[in-house]
Amino acid sequence: MLKKTTSALFLLLLALLSACGSDKTLNLTETSTDDVSVQEQLSYDLLLSAYGAMPTDDLLTQLGALDPEELAASLDNDAKRLAFWINTYNALIQVKLQADTLQYGDRNAFFAERDMLIAGELMSFNDIEHGILRRNKYVYSLGYFNRLGQRKSVKRYRLDGLDWRIHFALNCGARSCPPVAFYRSDRLDKQLNEASHFYLGREIDWTKRDKLEIPALFLWFRADFGGHKGITKILQKFGDLDANESPNWSYKDYDWSVDLSQWHEPGSLINP
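What the sequence shown shows, in our numbering, is residues 2 to 273, in sequence order.
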């Protein structure tokens, strides 16, 4: 009896929480090409150097020496914040794993360790992804709960709103991750849409029993996508499902093998 009651309460809680998620994309104000800041250009150049396996020491020094107030002021809308932090995250993943893939042996430590100097502050990949881009979400809550408190050094850069498309732009170094692209604030909305189409087109499969297999990202960040209804809308818009299709689905296993070769080349994905 207790087990049945507990299960019922869990299902009720999940149903209530599902109503709290949002599948909305941000209304991004794209900048003009002339308005791209030196800080954003630095993140782009760092990513480009990682793409070519070129030396990054000087660029990393510049990244660490950025003035935090000037950086926050330059990232004055979500398009600029997204472009800078997605590029920076993806570049630093590449730099660290190109140096030593064995770091990935303990993934929890790899993502949580604050050993990257950005604008005078030591940050972790979790700080960037869950603190800044996901607005202080607790890592293991499917996106439904925020962490209590946040470091000022992270909070000052936090987005005004959460855009689920980040999950199809961030590359954590694993084979099941979306490819890395070179994001720019002056064309970001179109780039994120293309990245979503590409990743879902690659990762969505139909089983022999006519059941849909979708990326595990939809489970891990369920609330970011708007719960079941939001995921259905996203699959219809970006996964090439018919508007009236609402199939059952299961989640694919995530391949955590290190793969640093997944890139949208410069010049693709509406890149300069």
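C-beta atoms are modelled at their ideal positions from N, C-alpha and C, and glycine is treated no differently.
Everything numeric in this text was worked out from a predicted model, so none of it was measured.
{"Check": "Report the residue from 241, 218 and 165 whose alpha carbon sits nearest the alpha carbon of residue 202.", "Outcome": "241"}
{"Check": "Measure the C-alpha to C-alpha separation of residue 133 and residue 118 and round it to an integer number of angstroms.", "Outcome": "15 Å"}
{"Check": "Please tell me whether residue 216 and residue 191 are closer than 8 Å, where the distance is taken between their beta carbons.", "Outcome": "no"}
{"Check": "Along the chain, where does the beta strand (DSSP E) that runs through residue 251 open and close?", "Outcome": "250 to 252"}
{"Check": "DSSP on residue 147, reduced to helix/strand/coil?", "Outcome": "strand"}
{"Check": "When the Cα of residue 115 is compared with those of 235, 97 and 209, which residue comes out closest?", "Outcome": "97"}
{"Check": "From which residue to which residue does the alpha helix (DSSP H) around residue 114 run?", "Outcome": "Residue 114 -> no alpha helix (DSSP H), and no H or E assigned at all."}
{"Check": "May I have the straight-line CA-CA distance separating residue 104 from residue 84, to the nearest angstrom?", "Outcome": "26 Å"}
{"Check": "What residue ranges within the segment 29 to 75 form continuous alpha helix (DSSP H) runs of no fewer than 4 residues, ordered along the chain?", "Outcome": "39 to 52, 58 to 66 and 69 to 75"}
{"Check": "Would you mind reading off the limits of the beta strand (DSSP E) that contains residue 213?", "Outcome": "213 to 215"}
{"Check": "What number of angstroms, rounded off, separates the C-alpha of residue 147 from the C-alpha of residue 164?", "Outcome": "16 Å"}
{"Check": "Kindly list the residues whose CB is nearer than 6 Å to the CB of residue 269, restricted to its own chain and excluding five residues on each side of it in sequence; keep chain order.", "Outcome": "none"}
{"Check": "Just list the residues that DSSP pairs residue 180 with in beta bridges.", "Outcome": "Paired residues: none, contrary to the question."}
{"Check": "Within 8 Å, do at least three Cβ pairs link the segment 175 to 192 to the segment 75 to 94?", "Outcome": "yes"}
{"Check": "I need the straight-line Cα distance from residue 108 to residue 261, nearest angstrom please.", "Outcome": "15 Å"}
{"Check": "Residue 261 by DSSP, collapsed to three states: which one?", "Outcome": "coil"}
{"Check": "Should residue 226 be counted as a contact of the ligand GDP given a C-beta to heavy atom distance under 7 Å?", "Outcome": "As presented, the structure is devoid of all ligands, the ligand GDP included, so that no description of it is given."}
{"Check": "Is it the case that the Cβ atoms of residue 197 and residue 152 are separated by a distance below 8 Å?", "Outcome": "no"}
{"Check": "Buried or exposed for residue 233, please, with buried defined as at least 16 other CB atoms from any protein chain shown within 10 angstroms of its CB.", "Outcome": "buried"}
{"Check": "In chain order, what residues of the same chain lie with their CB nearer than 6 Å to the CB of residue 157, ignoring the 5 residues before and after it?", "Outcome": "73"}
{"Check": "Helix, strand or coil, according to DSSP, for residue 123 in the structure here?", "Outcome": "strand"}
{"Check": "Measuring CA to CA, which of 125, 138, 266 and 248 is closest to residue 224?", "Outcome": "138"}
{"Check": "Report the rounded CA-to-CA distance for residue 57 versus residue 168, giving the unit in angstroms.", "Outcome": "26 Å"}
{"Check": "Compute the Euclidean distance between the alpha carbons of residue 176 and residue 102, then round it to the nearest angstrom.", "Outcome": "13 Å"}
{"Check": "Measure how close the beta-carbons of residue 213 and residue 205 come, nearest whole angstrom, since I'm counting them as under 8 Å.", "Outcome": "7 Å"}
{"Check": "Going straight from the alpha carbon of residue 77 to that of residue 92, what length do you get?", "Outcome": "22 Å"}
{"Check": "Which whole-angstrom value describes the C-beta separation of residue 178 and residue 95, a residue pair presumed to lie in contact below a C-beta threshold of 8 Å?", "Outcome": "Rounded, the Cβ-Cβ distance is 11 Å, inconsistent with contact."}
{"Check": "Roughly how many whole angstroms lie between the Cα atoms of residue 220 and residue 140?", "Outcome": "12 Å"}
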